[in-house]
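First the structure, in the form of structure tokens, and then the observations on it.
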Amino acid sequence: MKRFPEPALGRRAFLRWTAGLAAGSVIGAPWRSWAQRAAPDEPAGALPPELAPGHIRYAGGRWQEYPTALSSMLDEVRKRTSIEPASEAQTVDLSSDQIFEHPFLYLSGRYEFEMPSAPEIERLRRHLTYGGFLLVDDGLGSNEDGFGRVVRSLIERLFPRQPLEPLSREHPVFRSYYLIRSVGGRQAVSQEIEGVQMGIFTPVVFCRNDLGGAWAVRPDGGWVEECTPGGEPQRRSAFQLGVNIALYAMTGNYKQDLIHHPFIQRRLNQS
Amino acid sequence: MDWSSLHWPGGAPWWVLVPAALLLAESLRRRRRLLLERLSARRANVLTALRGLLYALLVFFLSGPTLIQRSERSLPPKLLVLVDGSGSMGVKDGAGGGTRLAQAVEFLLGKAPARTREGEGSAPQGLLDRLFQSYDVHLMGFGASATPLSREALRALAANGLASDPLRSIRSASREPGSPAARGSRGASVFREDRPAGILLLSDGGDTTGSAWPPEDAGSFPPVVSVGFGDPVGFRDISLHEVRAPRIAFQDKEVQLEVTLSVRGYSGLRLPVALTREGRVVRTQTVDVRGDPAAQKIEFRFTPNEVGSLLLSVETPVQRGELVESNNRVEIPLEVRRDKIRILTISGAPSWNYSFLRAALKRDPAIDLVSFVFLRTSEDDPGVPTQELSLVPFPVDRLFLEELKNFEIVVFDNFSAQEYFSNYYLERVKDYVRKGGAFWIFGGRASFGAGGYARSPIEELLPVRISPASDYVAAARAAGQLTDSGARHPVTRLSPDPETNARMWASFPPLRRLNLTARSEEGQTLLAAGGEGGGAALIGARRLGEGRILSVLSDDTWRWSFGMVAAEKSNQLYTQLVAQMTRWLSGDPTSSQVQILPDAEPGKEGFYVARIQVLDDDYRPAHGAAVRVSLRDLYGNVQTLAAEFRADTGEFEARFRPSGRGSYRAEVAAMLGQRHLGQAVRTLSVGGGAGGAEWTDVSPRWDRLQGLSAKTGGVFLRAAGEDPQKLEKGVLDALQGKVPSKILEVRDVRLWSIPWVGFVLILLPACEWTLRRLWGLA
């Protein structure tokens, strides 16, 4: 498998890897599990991280196809941007108000799952209506079957008047940090990203290319899945899209402010 | 006695009557059985019948039977005399060059007695005296509504009513239902109809309500004998009225003003009309007047270039022979506001604090937001060439050296300036605030002490003292707790009710990240305290010169929004707090510490009182403040007034004697020691301001009076050019023919109050007792 060099060789990742090895040699456990024990719920007195996504757990199907996908993406965010993210996502249930501790929610899977109950849908609707954000990552990529079918039905119930629509290439998701021209992922089902628009904000972004599959890493640092058909450039696009989506969730559409827009357009034209 | 008028207006309730009747019936049945044991059936039946009749009568009278008695009595009929005291009655086209009102008063009271030696001569009799001889006269004056008048008050009546509504006064008097005038003894009530039998109306026909004349319900009015004052033939006037203008205008945005010019008694005039701003002519135009009467719309366009209270007026010169001068000028007060509140936000990193703040600010369409977010630091490697990034170079020179003055508020959100530029630029921020700008700083890992602001020009601005070490800490439960200042301050006073306000703040979810700072010295106000036990500053406010500074010592305030949503409430309190912070920072007049309260109130001896609220930085009344008030009158004369603090109201009061009805421009500046608390400008209205509805059209409208009298069965008489004695006779004759001299008296008589009823009630038991004795019963 061809390696996309950045995730394993960054300064911070290298330090963590070294520390992980050292710790692993003492306690006889893989570095990843050390990191998981050390980081998750912040210990008393520790500053809560700025970006701590909530990974939605649901019944039926498989809510966590790639357990390392989000932590890998958060590593990328830490390495590339000024955001101080958590080392990994927190598992959240829609039945709990805990989702309001996590403005950024992540919903992923490949298979059909049980539709959340009406109170759970109502809780999620309030979350998204009042400033929260949901990234939906479809590992199968089909509109008619599996995860995608249930998610579309869920979004219809969430926002009956705001349909899921393809986002234009002018949308800040494509330019909040990287100037993205192709939508990456483990697979290349669609070059479109869909979203639910509410006023000036898009609280739901839906990608069908299995971003998590492209982000996930093995304990030895290798990639869990190959990206087809585009290979590593397609994986790089998946990471860039992940960074852009995280930045969009936290900054909104400020890149569309009059002062930024002409500059970005000029740069797009140049390249 | 008319038994058909028997009715039951009130007596014992049925649940008393029915059991009583049943009880008495049972008693009667037992009594008859006992009597049959001792007497023959015939005698027993006679005695039972007598007792039964008594019981039946008792139950009947308990039910409260009442008779209505109607009778006609020759009493003096009630006559309502209504005298128009509205402003238009002050026009001097009455007899002998006097006002319409003076003519009306003289007509009623006779000429005012000349000063004579005691005992010499006597006051002449006026129409009112003659009316009192034949009628029950109720004298009232009216403008917008009617008030009773005495003779003395009538003599002193001034034509200063700001509106005329004669129909309302007539309606309220003529539709008054019958009311108990007196309560007779032994349950008999006397009702007399209070509705007047006739109305004598002395007016020029002015009506500022726009009602139709005669009104549709005029048929229900008593006969109205109206006397019209003024002179429709010789009436000459030019008036400006019907202003169409926005109350609020925006800086540098053109507004359109429209007024109506009405001309009566002139034709073929070329009239100059000017738009003036506080006495200075701004625009002029010439209007050709064709026809008599004529009305024409005049339009001006005006662009205000300063924020604040502005007094414009449209005026045209007074023409020869014009009867009313004051309506040649109409005033247009404008409140000029900023078109947009421009806010510059600089964020050290993407954050939820920024995300939620931006969403709250974007709710207000009047806010123009320019944001810079540092998406990466020098340590972050984007992994691609710069051309593939959307990052805009931070225009530090342009922002801090050129554009800063164009923003109302500058926000540092978790932003450490030392990583990007020198203190030179921060000095520009300090200057910007001293000159009236607003600075809003949020906490975070790159702010306050952690951001390297200790001993920087920014620290000099802040309402808190910061430590050179990193002060960014995790907090277990940093809930907002209001300080005393915070309970009053417009930033944190979320409800006018202190208890509700405290309850609202208690409902804010706790924050988990704080910058720990120390409270600073005088002139700076701590609004809310956070941290466990409320020891840490959370929100601090300060005024520096003309500038305002607000510190929020956390970058975790998004939890106030999302936490409230979690608790199944909305995020309304968070958005309200952000809106109030923005308003205070932008110098919104509603949050000013110096406020002139609207409309001067009449005080004693012809003085008016302007009330001024002056508050210290912590929004307590600043009783020790030096308050300078200057007042510019209608003619541009400026006087300086002394303002005195009143402990009972917590306000300052400035007394002035107005030079006439109209608008006065008041300017107030307040200092507390060396500290400038603020200033305010307001247009104060004295007596309703010039160009009021009453002065729109002051021409005599006899046609209205004629129509009303005709529809009510009354008579219209004109006062102009008429011999007073002849007019008086005309009025008396008209009233004689139209107002009935008898009134109907209606009485309610309770049956038990009739003497013979009582006699029957005594007679029945007496008969029974006699028969019992005769028939050998004890």
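Sequence order for the protein chains is A and B. For reference, each letter of the first sequence is one residue, going 1 to 271 in our numbering. For reference, each letter of the second sequence is one residue, going 1001 to 1778 in our numbering. The beta carbon of each residue, even a glycine, is placed where N, CA and C say it ideally should be. Predicted model only: the values in this text are computed from it and were never measured.
Query, Result
"Partner residues on chain A for THR1517 (chain B), Cβ-Cβ distance less than 8 angstroms", "What THR1517 (chain B) touches in chain A: nothing, since even the nearest Cβ is about 17 angstroms away."
"CA nearest to the CA of ARG1455 (chain B), picked from B:GLY1713, B:GLY1437, B:ALA1529 and B:GLU1427", "B:GLU1427"
"For CYS207 (chain A), the residue or residues it bridges with in DSSP", "A:ASP137"
"Ranges of the beta strand (DSSP E) found wholly within the region 1476-1553 of chain B, counting only runs of at least 3", "1511-1515, 1524-1530, 1536-1544 and 1547-1552"
"Minimum C-alpha distance to ALA1504 (chain B) - residue among B:LEU1494, B:ALA1766, B:TYR1608 and B:TYR1135", "A small fix is needed here, since residue 1504 (chain B) is Met in this sequence, not Ala. Comparing Cα-Cα distances from MET1504 (chain B) to each of B:LEU1494, B:ALA1766, B:TYR1608 and B:TYR1135, the minimum goes to B:LEU1494."
"Segment contact flag, the region 118-125 of chain A with the region 157-173 of chain A, C-beta cutoff 8 angstroms, min 3 pairs", "yes"
"Chain B contact residues for ARG80 (chain A), given Cβ-Cβ distances below 8 angstroms", "ARG1376, ASP1380, ASP1381, PRO1382 and GLY1383"
"Contact check, LEU105 (chain A) vs VAL205 (chain A), beta carbons under 8 angstroms", "no"
"C-alpha gap between TRP1752 (chain B) and PHE1061 (chain B), whole angstroms", "7 angstroms"
"HIS127 (chain A): first and last residue of the uninterrupted alpha helix (DSSP H) it sits in", "118-129"
"Own chain, CB closer than 7 angstroms to ARG1632 (chain B), minus 5 neighbours either side, in chain order", "VAL1638, TYR1664 and ARG1665"
"Residues sharing a beta bridge with ARG1611 (chain B), DSSP", "B:GLU1653"
"Contact set between ARG1513 (chain B) and chain A, taken where Cβ atoms lie within less than 7 angstroms", "LEU47 and PRO48"
"C-alpha distance - ILE1332 (chain B) paired with LEU1275 (chain B), whole-angstrom precision", "10 angstroms"
"Sheet register partners of GLN1595 (chain B) (DSSP bridge)", "B:GLN1613"
"Cutoff 6 angstroms; reference SER142 (chain A); Cβ partners in own chain excluding five residues on either side", "GLY148"
"Proximity of THR1345 (chain B) and LEU1369 (chain B) at Cβ, strictly below 8 angstroms", "yes"
"Pick from B:GLY1547, B:TYR1425 and B:VAL1565 that is closest to LEU1585 (chain B), judged by C-alpha positions", "B:GLY1547"
"GLU1126 (chain B) versus ARG1701 (chain B): straight-line alpha-carbon distance, rounded", "The sequence shown places Gly at residue 1126 (chain B), not Glu. Whole-angstrom Cα-Cα distance: 26 angstroms."
"ARG1029 (chain B) versus ARG1750 (chain B) - alpha carbon distance", "31 angstroms"
"Element boundaries [beta strand (DSSP E), containing VAL1289 (chain B)]", "1280-1289"
"Span separating the alpha-carbon of ALA1249 (chain B) from that of LEU1312 (chain B)", "12 angstroms"
"Three or more C-beta pairs below 8 angstroms linking the region 1048-1059 of chain B and the region 1759-1768 of chain B", "yes"
"N- and C-terminal bounds of the beta strand (DSSP E) containing ILE1779 (chain B)", "An answer regarding residue 1779 (chain B) cannot be provided, because it is not within the stretch 1001 to 1778 covered by chain B."
"Span of the beta strand (DSSP E) around LYS1297 (chain B)", "1294-1302"
"Nearest-angstrom Cα separation, counted from ALA1159 (chain B) out to ARG1151 (chain B)", "16 angstroms"
"Nearest neighbour of VAL1417 (chain B), chosen from B:LYS1435, B:GLU1403, B:PRO1013 and B:ARG1445 [CA to CA]", "Here residue 1417 (chain B) is Ala; the residue named in the question, Val, does not match the sequence. Ranking B:LYS1435, B:GLU1403, B:PRO1013 and B:ARG1445 by Cα distance to ALA1417 (chain B) puts B:ARG1445 first."
"Start-to-end residues for the beta strand (DSSP E) that takes in GLY1779 (chain B)", "The displayed coordinates of chain B run from 1001 to 1778. Any statement about residue 1779 (chain B) would go beyond what the structure contains."
"Residue burial classification, ASP145 (chain A) (beta-carbon count within 10 angstroms, cutoff 16)", "exposed"
"Runs of alpha helix (DSSP H) lying entirely within the region 1030-1117 of chain B, each at least 4 residues, in chain order", "1041-1062 and 1100-1109"
"Beta bridge counterpart(s) of TYR106 (chain A) as assigned by DSSP", "A:HIS55 and A:LEU135"
"Three-state secondary structure (DSSP) of ASP1136 (chain B)", "strand"
"Three-state secondary structure (DSSP) of ASP1431 (chain B)", "helix"
"Neighbour-count burial assignment, GLU194 (chain A), 16 or more Cβ in a 10 Å radius", "buried"
"Residue of A:LEU107, A:GLY185 and A:VAL92 minimising C-alpha distance to TRP215 (chain A)", "A:GLY185"
"Contacts of MET250 (chain A) in chain B (Cβ-Cβ under 9 angstroms)", "ALA1349, PRO1350, SER1351, TRP1352, TYR1354, SER1355 and VAL1373"
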